[in-house]
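J.:
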Amino acid sequence: MSENQKQTLGFQTEVKQLLHLMIHSLYSNKEIFLRELISNASDAADKLRFEALAKPELLEDNSPLKIRISFDKEGKTLTIEDNGIGMSRDEVISHLGTIAKSGTSEFLSSLSGDQKKDAQLIGQFGVGFYSAFIVADKVDVYSRRAGLAASKGVHWSSQGEGSFEIATVDKQERGTRIVLHLKSGEEEFADGWRLHSIIKKYSDHIALPIELPKEDYSAEEDKEKEEKAAEWETINRASALWVRPRAEIKDEEYQEFYKHISHDFENPLSWSHNKVEGKLEYNSLLYLPARAPFDLYQREAPRGLKLYVQRVFILDQADSFLPLYLRFIKGVVDSNDLSLNVSREILQKDPLIDSMKAALTKRVLDMLEKLSKDGEKYTRFWKNFGQVLKEGPAEDFANREKIAGLLRFASTHEDSAEQKVSLADYLARAQEGQDKIYYLTGESYAQIKNSPHLEVFRKKGIEVLLLSDRIDEWLMGYLTEFNGKSFVDVARGDLDLGKLDSEEDKKAQEEAAKAKQGLTERLKKALESSVSEVRVSHRLTDSAAILAMGETDMGVQMRQILAASGQPIPEGKPVFEYNPSHPLLEKLDNEQDEERFIELAHILFDQAALAAGNTLQDPATYVRRLNKLLVELSS
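Read in order, the letters of the sequence shown are residues 1 to 635 in the UniProt record's numbering.
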């Protein structure tokens with residue numbers, strides 16, 4: 001095979017790092033390299049089918065699409081060949097020499113050095129081709145893109161170190177042939193029975209034939225002789241997994257198909273396989289991953305289901321079938337009702353898609369509801385995807401109640417920051433007469449679990465949900481009620497516990513407010529530039545004072561989000577509430593020196609601001625006032 005336009009090029013820096021990690025992180029499960037290369041070959045066939053819809057001439061000789069795997073025991077080589085779409089010279093350089101994928105730096109920074117964990121991350125990043133270097137010390141790739149002349153074939157070669165060679169060659173057949181020169185000690189992968197078992201284990205679900213020779217032959221010396229001498233047998237079922245009856249499919253098959261479409265190395269937490277007949281006809285196979293991808297919070301990152309129309313591959317990441325808050329779901333949807341020439345733009349306008357999206361969304365939420373019955377698995381799901389699911393109530397009004405039932409929270413009835421309390425749990429242990437769901441948001445769990453806002457609730461044994469994720473205040477702006485019970489922010493407005501307050505409590509509150517009316521007016525005058533209102537608190541039992549928000553005021557979390565994004569923050573003054581029975585307030589009430597009264601009032605205000613998680617506007621003045629007070633007390 002003559003070569004020309006030969007070049008030696010360097011790998012992208014990220015590829016060098018990934019190659020090193022791939023070779024050194026996956027040695028404990030070497031055989032997965034074959035699954036990854038077969039998966040890539042299957043994808044190449046899917047892409048050819050799709051492009052041939054518009055350009056039938058790409059099929060060239062119209063030979064059946066297949067994957068062939070051959071080996072040479074003496075030469076210690078393994079060859080994986082497909083007659084799919086193939087690659088041009090530029091595509092080979094792009095796909096095999098660089099990683100043209102957003103989030104590369106985030107991916108690399110997320111690697112921990114733990115070989116098992118890093119192996120799973122590498123799989124999620126979708127760089128399965130490089131797994132060939134786990135067992136090979138040299139890899140040759142021969143490829144020609146469908147539609148290009150035979151003289152436009154490409155030969156790529158590398159030893160998995162700092163560089164690769166690329167040259168133009170003659171290649172009569174379209175598609176890609178990968179030749180692995182096996183390392184010493186890896187001869188098991190040039191054995192027919194070993195290859196047969198790996199294919200059945202990992203790739204039985206692949207929807208086109210995977211063939212092995214019935215007899216030994218040299219895969220490299222003479223291609224023409226090989227075709228004449230070898231008899232081939234199909235090893236896999238070669239039928240689309242999602243169209244087969246569920247009763248015929250083993251769990252292991254579902255799990256391996258998930259790894260094929262997701263490039264994940266870990267089994268999924270759960271899956272849902274369904275066939276819909278009637279006005280709409282489609283098959284769906286949806287998976288819930290066990291681990292979050294590194295780019296989960298990049299809302300613009302590619303996402304979506306693999307779309308097939310009548311078993312013909314159409315789109316790799318069709319994002320029109322599930323809402324954005326379910327972007328972690330992987331899977332396949334195969335429709336009989338869509339046209340074969342459907343595009344991403346057409347999908348966005350097709351009313352059929354809205355119906356399918358509603359049904360698939362419900363199916364995912366049902367799958368999560370079923371998973372929630374398994375505490376251990378659901379805890380794992382929540383740790384990985386809980387914050388993304390919290391986007392749901394704002395995006396999906398129709399399923400708001402159902403999503404709310406899947407949310408988990410920390411609570412005053414638990415001893416840890418772990419979010420494991422459901423709203424159903426909360427209501428099941430609510431007090432008699434309690435018609436509200438109480439919650440408190442804040443910057444961190446440590447800050448809010450000791451908040452003075454919780455004092456009266458602890459005294460009365462009323463559970464409060466503790467929300468410290470950055471998204472929580474935004475979430476609660478859309479989550480107004482659950483199961484007929486409205487949500488109440490315990491740091492907002494004039495707290496009214498309704499039936500949870502006894503008549504004696506209410507009477508005592510009214511009397512305290514009336515008795516301290518003079519102190520209230522003095523504090524209002526002293527703090528008039530900082531507060532919107534001063535009142536006696538019903539929340540406090542131990543602390544001296546606290547800041548409450550007005551019903552429509554923006555909370556600390558949202559203010560921090562706006563500040564971080566450079567957005568203007570709406571002006572607003574808090575309500576200053578004080579505990580009339582606290583010794584500090586009793587002393588303040590008796591203070592005759594008005595200047596000293598004002599100083600002490602500001603100290604109390606700043607302390608209340610700190611307890612609420614606010615940043616002081618003038619910390620230097622607070623320190624000066626506090627030091628002055630300490631000096632007076634010590635003299």
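Even for Gly, the Cβ is constructed at its ideal location relative to N, Cα and C.
Quick one, which of Leu633, Leu48 and Leu610 has its alpha-carbon nearest Arg174's?
T.: Translated into the one-based positions of the sequence shown, residue 174 becomes position 174. For Arg174, the nearest C-alpha among the options comes from Leu48.
J.: Keeping to the same chain, check which residues put their C-beta closer than 7 Å to that of Glu395; ignore five residues upstream and five downstream.
T.: Taking the sequence shown and counting its residues from 1, one reaches residue 395 at position 395. Closer than 7 Å at Cβ, skipping near neighbours: Pro323, Leu324 and Tyr325.
J.: Does the beta-carbon of Lys225 have 16 or more other beta-carbons within 10 angstroms, so that it is buried, or is it exposed?
T.: Residue mapping note: residue 225 aligns to position 225 of the sequence shown, counting from 1. Residue confidence for Lys225 is low, a pLDDT of 48 falling below 50, so the modelled location carries little weight; the figure read from the coordinates is stated next. By the 10 Å Cβ count, Lys225 comes out exposed.
J.: Which residue's Cα is closest to the Cα of Ala611: Val631, Ile546, Phe576 and Ala601?
T.: For the purposes of this step, residue 611 is identified with residue 611 of the sequence shown, where counting begins at 1. For Ala611, the nearest C-alpha among the options comes from Ile546.
J.: Beta-carbon within less than 8 Å of Ile206's beta-carbon, same chain only, minus the 5 sequence neighbours each way: which residues are those?
T.: In the sequence shown, the residue the question calls residue 206 occupies position 206. So the list reads Ile38, Ser39, Ser42, Ile67, Asn236, Ala238 and His260, once near-sequence residues are dropped.
J.: Which residue from Lys573, Arg429 and Phe409 puts its Cα closest to that of Ser529?
T.: As a working mapping, residue 529 is identified with position 529 in the sequence shown. Closest option to Ser529, Cα to Cα, is Lys573.
J.: Is Asp140 helix, strand or coil when you go by DSSP?
T.: Translated into positions along the sequence shown, residue 140 becomes position 140. In the structure shown, Asp140 sits in a strand (DSSP, three-state: E or B).
J.: Which residue from Glu481, Leu406 and Thr480 puts its Cα closest to that of Leu365?
T.: To locate residue 365, count along the sequence shown from 1; it is residue 365. Considering only alpha carbons, the answer is Leu406.
J.: Under three-state DSSP, which class holds Lys275?
T.: Your numbering for residue 275 matches position 275 in the sequence shown. Correct three-state label for Lys275: strand.
J.: Could you say which of Tyr287, Arg458, Asp542 and Asp489 lies nearest to Glu473 if we only look at CA atoms?
T.: Mapped onto the sequence shown, residue 473 falls at position 473. With distances taken between Cα atoms, Glu473 lies closest to Asp489.
J.: Cβ of Glu188 within 8 Å of Cβ of Arg194?
T.: For the purposes of this step, residue 188 is identified with residue 188 of the sequence shown, where counting begins at 1. For the purposes of this step, residue 194 is identified with residue 194 of the sequence shown, where counting begins at 1. Yes, these two residues count as a Cβ contact at 8 Å.
J.: According to DSSP, simplified to helix, strand and coil, what is Ser102?
T.: Mapped onto the sequence shown, residue 102 falls at position 102. With a pLDDT of 43 at Ser102, under the threshold of 50, the predicted position of this residue should be treated as unreliable, though the coordinate-derived value follows. Coil.
J.: Measure the alpha-carbon distance for Phe133 versus Phe381 and round it to whole angstroms.
T.: Start at 1 with the first residue of the sequence shown, and residue 133 comes out as number 133. Start at 1 with the first residue of the sequence shown, and residue 381 comes out as number 381. One C-alpha to the other measures close to 33 Å.
J.: For the beta strand (DSSP E) containing Val364, name the first residue and the last one.
T.: Stepping through the sequence shown from its first residue, residue 364 is reached at position 364. No beta strand (DSSP E) contains Val364, which is instead part of the alpha helix (DSSP H) from Pro351 to Leu371.
J.: In the DSSP assignment, find the beta strand (DSSP E) that holds Ala318 and state where it starts and stops.
T.: Sequence index remark: in the sequence shown, residue 318 carries index 318 (1-based). Residues Val312 to Ala318.
J.: Which residues share a DSSP beta bridge with Thr615?
T.: As a position in the sequence shown, residue 615 is number 615, starting the count at 1. Partner(s): none; Thr615 has no beta bridge.
J.: Shortest alpha-carbon distance to Asp61 belongs to which of Glu418, Thr234, Leu368 and Asn83?
T.: Taking the sequence shown and counting its residues from 1, one reaches residue 61 at position 61. For Asp61, the nearest C-alpha among the options comes from Asn83.
J.: Looking at Val312: is its Cβ nearer than 8 Å to the Cβ of Ser335?
T.: Taking the sequence shown and counting its residues from 1, the one referred to as residue 312 is at position 312. Taking the sequence shown and counting its residues from 1, the one referred to as residue 335 is at position 335. No. Outside cutoff.
J.: Of the residues Asn579, Gly75 and Leu427, which one's Cα is nearest the Cα of Glu455?
T.: The residue given as residue 455 occupies position 455 in the sequence shown. Among Asn579, Gly75 and Leu427, the Cα nearest to that of Glu455 belongs to Asn579.
J.: Does the segment 353-367 come close enough to the segment 408-427 that 3 or more CB-CB pairs lie under 8 Å?
T.: Contact between the segment 408-427 and the segment 353-367 is absent, because fewer than three Cβ pairs lie under 8 Å.
J.: Among residues of its own chain, excluding the 5 on either side of Leu616, which ones have a beta-carbon nearer than 8 Å to its beta-carbon?
T.: Position 616 of the sequence shown, counted from the start, is the residue given in the question as residue 616. For Leu616, where only same-chain residues beyond five positions count, the Cβ hits under 8 Å are Asp606, Ala609, Leu610 and Tyr622.
J.: Taking the alpha carbon of Gly375 as the point to measure from, which residue in Asp354, Val421 and Lys330 has its own alpha carbon closest?
T.: The residue given as residue 375 occupies position 375 in the sequence shown. Cα-wise, what sits closest to Gly375 is Val421.
J.: May I ask you to report which of helix, strand or coil DSSP gives Arg68?
T.: Residue 68 sits at position 68 when you count from the first residue of the sequence shown. Of the three classes helix, strand and coil, the one that applies to Arg68 here is strand, per DSSP.
J.: Can you look up Met476 in the DSSP assignment and give me helix, strand or coil?
T.: Indexing the sequence shown from 1 puts residue 476 at position 476. Reduced to three states, the DSSP call for Met476 is helix.
J.: What ranges does the beta strand (DSSP E) occupy inside the segment 431-494, keeping only unbroken runs of at least 3 residues that lie completely in it?
T.: Listed in chain order, they are 436-441, 465-467 and 485-489.
J.: Cα separation between Gln5 and Ser151?
T.: Residue 5 sits at position 5 when you count from the first residue of the sequence shown. Residue 151 sits at position 151 when you count from the first residue of the sequence shown. Roughly 12 Å between the two C-alpha positions.
J.: Distance check for Arg299 and Asp90, CA to CA, integer angstroms please.
T.: Counting from one through the sequence shown, the residue named residue 90 turns up at place 90. Counting from one through the sequence shown, the residue named residue 299 turns up at place 299. Going by the C-alpha atoms only, they are around 30 Å apart.
J.: According to DSSP, what are the bridge partners of Asn283?
T.: For the purposes of this step, residue 283 is taken as the residue at position 283 of the sequence shown. Asn283 pairs with Lys275 and Asp334.
J.: What number of angstroms, rounded off, separates the C-alpha of Lys436 from the C-alpha of Glu443?
T.: Against the sequence shown, residue 436 aligns to sequence position 436. Against the sequence shown, residue 443 aligns to sequence position 443. Each residue's Cα considered, the two are about 23 Å apart.
J.: In angstroms with no decimal places, state the Cα-to-Cα distance between Tyr287 and Glu481.
T.: For the purposes of this step, residue 287 is taken as residue 287 along the sequence shown, with counting starting at 1. For the purposes of this step, residue 481 is taken as residue 481 along the sequence shown, with counting starting at 1. Near 30 Å, if we compare the C-alpha coordinates of Glu481 and Tyr287.
J.: Using a Cβ-Cβ cut-off of 6 Å (strictly less than) and excluding sequence neighbours within five positions of Ala240, which residues of its own chain qualify?
T.: Residue numbering aside, residue 240 sits at position 240 when the sequence shown is read from its first letter. Result list for Ala240: Ala207 and Arg311, in chain order.
J.: Which residues mark the beginning and the end of the beta strand (DSSP E) in which residue 656 is found?
T.: Outside the shown range of the chain (1 to 635) lies residue 656, about which nothing can therefore be said.
J.: Taking only the alpha-carbon atoms, compute the straight-line gap between Asp589 and Gly613 and give it to the nearest angstrom.
T.: The count along the sequence shown starts at 1 and reaches residue 589 at position 589. The count along the sequence shown starts at 1 and reaches residue 613 at position 613. Distance between the alpha carbons of Asp589 and Gly613: 27 Å.
J.: Given residue 639, which residues of its chain have a CB within under 6 Å of its CB, disregarding the five upstream and five downstream residues?
T.: For residue 639 there is no data in the structure shown, the boundaries of the chain being 1 and 635.
J.: Out of Ile353, Ser502, Leu9 and Pro209, state which residue places its alpha-carbon closest to the alpha-carbon of Ile80.
T.: Translated into positions along the sequence shown, residue 80 becomes position 80. Selected option, being the one with the closest Cα: Pro209.
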